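**Student:**
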Amino acid sequence: DADFDARLLQVYDEYGPDYSDESDLDPRKEPERWNQVATGVTVMDSLLCGVRDSIKNLPFHACYNVKDYEWSYDRIQESIESLDYASRFCHGLPPELVAEIDAATAKFGPLGFTKKFLFSHLLDHGIRSGEVWDCVAELSESSCRDSSYIGRLERLSEKYDEDYCSGIDYEPEQLKTLVARMSVIDGILRDLGSPIAELPYHACYAMLDSRWDFDKLLEKVKSLE
Numbered sequence: 187d188a189d190f191d192a193r194l195l196q197v198y199d200e201y202g203p204d205y206s207d208e209s210d211l212d213p214r215k216e217p218e219r220w221n222q223v224a225t226g227v228t229v230m231d232s233l234l235c236g237v238r239d240s241i242k243n244l245p246f247h248a249c250y251n252v253k254d255y256e257w258s259y260d261r262i263q264e265s266i267e268s269l270d271y272a273s274r275f276c277h278g279l280p281p282e283l284v285a286e287i288d289a290a291t292a293k294f295g296p297l298g299f300t301k302k303f304l305f306s307h308l309l310d311h312g313i314r315s316g317e318v319w320d321c322v323a324e325l326s327e328s329s330c331r332d333s334s335y336i337g338r339l340e341r342l343s344e345k346y347d348e349d350y351c352s353g354i355d356y357e358p359e360q361l362k363t364l365v366a367r368m369s370v371i372d373g374i375l376r377d378l379g380s381p382i383a384e385l386p387y388h389a390c391y392a393m394l395d396s397r398w399d400f401d402k403l404l405e406k407v408k409s410l411e
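Each residue of the sequence shown is one higher than the one before, starting from 187 at the first, in my numbering.
Right, dumping it as structure tokens:
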């Protein structure tokens, strides 16, 4: 399919420049962005090689292309052996985390859980007030359909994207705070078209990064009061 091949190349071209030796991207200062770029290039490489070869060879291309300094042959074998577990993921989240989200959502309701969880994420990054905090506080069934609320989210998303791409040499903690604000705003924006019942799962997935891994997400969900 020529269209699919073109889409793969388009995504590859999006991440490729930041993955090259000439890139200014510093993995130590921007680990989340680096992880996104490295993963994007690796996956696109696998798919591009696979679609240009026999379909039966696609699994081999996929495994070969993920081998790098983080994924050794042992890690690849371990990942293959855990595919049955991975197949039980829901909304991109492991089953034990989904079970905790289900229990907490039954207690607080979908919106109640989502707001508590997003507040917890902001607090963990030292954010206790401001525009993003207010957006979480105002999240409701009606606000999800309110054009002024949606417009405010879109403006904040654009603002934080510009700040992130500005070339400013942020201190590590400043960058973590900026990324936390971006994650919360973009997480809410992506959820607006989803059923209210799915908001808790999408909110958790949106906060997944190098600081909040699955174990941290599980810990935070269990601690909600």
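Just so you know, even glycine gets a beta-carbon here, dropped at the ideal spot from N, CA and C.
These figures come from a predicted structure and were not determined experimentally.
#1: Report yes if the C-beta distance between residue 325 and residue 374 is below 8 Å; otherwise report no.
#2: Flag this pair as touching only if the region 336 to 349 and the region 288 to 304 have three or more C-beta atom pairs under 8 Å; answer yes or no.
#3: Give me, in chain order, the residues of the same chain whose beta-carbon lies closer than 8 Å to that of residue 369; leave out the 5 immediate sequence neighbours on both sides.
#4: Could you please give the first and the last residue of the uninterrupted alpha helix (DSSP H) stretch that includes residue 213?
#5: Could you check what DSSP says for residue 279 in three-state terms: helix, strand or coil?
#6: Are the CB atoms of residue 227 and residue 205 nearer to each other than 8 Å?
#7: Under 8 Å between the Cβ atoms of residue 238 and residue 318?
#8: Between residue 380 and the ligand SAH, is there a pair consisting of the residue's CB and a ligand heavy atom that are separated by less than 7 Å?
#9: Could you check how far apart the C-beta atoms of residue 378 and residue 330 are, in whole angstroms? I think they sit under 8 Å.
#10: Could you name each continuous alpha helix (DSSP H) segment of 4 residues or more that falls completely within the region 295 to 358, going from the start of the chain to the end?
#11: Mapping the DSSP letters down to three states, classify residue 239 as helix, strand or coil.
#12: Can you give me the C-alpha to C-alpha distance between residue 313 and residue 247, rounded to a whole angstrom?
#13: Is residue 236 buried or exposed, if buried means 16 or more other CB atoms sit within 10 Å of its CB?
#14: Kindly list the residues whose CB is nearer than 6 Å to the CB of residue 232, restricted to its own chain and excluding five residues on each side of it in sequence; keep chain order.
#15: At the level of alpha carbons, what is the spacing between residue 413 and residue 188?
#16: Pick helix, strand or coil for residue 202, following the three-state DSSP scheme.
#17: With 16 other CB atoms within 10 Å as the buried threshold, where does residue 389 fall?
#18: Quick check on the burial criterion: 16 or more other C-beta atoms within 10 angstroms. Buried or exposed for residue 299?
**Tutor:** Looking at the atomic coordinates:
#1: Taking the first residue of the sequence shown as position 1, residue 325 is located at position 139. Taking the first residue of the sequence shown as position 1, residue 374 is located at position 188. The answer is yes: Cβ separation under 8 Å.
#2: As far as the Cβ criterion goes, the region 336 to 349 does not touch the region 288 to 304, which means the pair count is below three.
#3: In the sequence shown, counting from the first residue as 1, residue 369 sits at position 183. In chain order, 307, 392, 393 and 395 place their CB closer than 8 Å to the CB of residue 369, counting only its own chain and leaving out the 5 sequence neighbours on each side.
#4: As a working note, residue 213 is residue 27 in the sequence shown. Neither: residue 213 is in no alpha helix (DSSP H) and is coded neither H nor E.
#5: On the sequence shown, position 93 is the one that residue 279 refers to. Note: residue 279 maps to strand in three-state DSSP.
#6: Indexing the sequence shown from 1 puts residue 227 at position 41. Indexing the sequence shown from 1 puts residue 205 at position 19. Judged by their CB atoms, residue 227 and residue 205 are nearer to each other than the 8 Å cut-off.
#7: The count along the sequence shown starts at 1 and reaches residue 238 at position 52. The count along the sequence shown starts at 1 and reaches residue 318 at position 132. No, Cβ-Cβ distance for residue 238 and residue 318 is not below 8 Å.
#8: For the structure depicted, the ligand SAH is absent and the ligand set is empty, with no information on it obtainable.
#9: Counting from 1 along the sequence shown, the entry for residue 378 is found at position 192. Counting from 1 along the sequence shown, the entry for residue 330 is found at position 144. Right, their Cβ atoms sit about 5 Å apart.
#10: If we require 4 residues or more, the alpha helix (DSSP H) runs fully inside the region 295 to 358 come out as 296 to 310, 317 to 323 and 333 to 350.
#11: Within the sequence shown, the letter at position 53 stands for residue 239. In the three-state scheme derived from DSSP, where H, G and I count as helix and E and B as strand, residue 239 is classed as coil.
#12: For this step, residue 313 is matched to residue 127 along the sequence shown. For this step, residue 247 is matched to residue 61 along the sequence shown. Residue 313 and residue 247: Cα-Cα distance of roughly 43 Å.
#13: Here residue 236 is taken as the residue at index 50 of the sequence shown, counted from 1. That one is buried.
#14: The residue you call residue 232 lines up with position 46 of the sequence shown. The residues are 247, 248 and 251.
#15: One cannot answer for residue 413 here, as it falls past the ends of the chain, which runs 187 to 411.
#16: Indexing the sequence shown from 1 puts residue 202 at position 16. Three-state DSSP puts residue 202 in a helix.
#17: Against the sequence shown, residue 389 aligns to sequence position 203. The Cβ neighbour count for residue 389, taken over all protein chains shown within 10 Å, is at least 16; the residue is labelled buried.
#18: As a position in the sequence shown, residue 299 is number 113, starting the count at 1. By the beta-carbon neighbour count (other beta carbons within 10 angstroms, threshold 16), residue 299 is buried.
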